[in-house]
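Read through the structure below, which is laid out as structure tokens, and then see the notes.
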Amino acid sequence: MGILVLVFIFISLTQQGHAHGPDTCNHGGGLCRVGTCVSGEYLAQYCFEPVILCCKNLSSATTES
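If you count by mature numbering (1 follows the signal peptide of the UniProt record, and there is no 0), then the sequence shown holds residues -19 to -1, 1 to 46, one letter each, in order.
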């Protein structure tokens, strides 16, 4: 029963409109984090909205601009 609940939660998270998934985040040079980004990072997008964030380094953001 517990596994069924976890599968349901995972499917629910992937159905969000703005969720890109970890592959998109990692390919773009980011890391998926739960809750908040750490110091020196910014929120670039969501891996699984609204819980898992895709955080990227601030230093890489200034060099890409």
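Cβ coordinates follow ideal geometry from the N, Cα and C atoms, glycine included.
- Leaving out the 5 sequence neighbours to the left and right, which residues in its chain are closer than 7 Å to Val15 when beta-carbon positions are compared? Here the set comprises Val32, Ile33.
Inset, instruction - Take Cys18 and list the residues in its own chain whose beta-carbon comes closer than 8 Å to its own, dropping the five residues that flank it on each side. - result: Leu24, Leu34, Cys36
Beta-carbon proximity of Gly21 to Leu39, cut-off 8 Å
yes
Give the secondary structure of Cys35 by DSSP, where H, G and I count as helix, E and B as strand, and everything else as coil. strand
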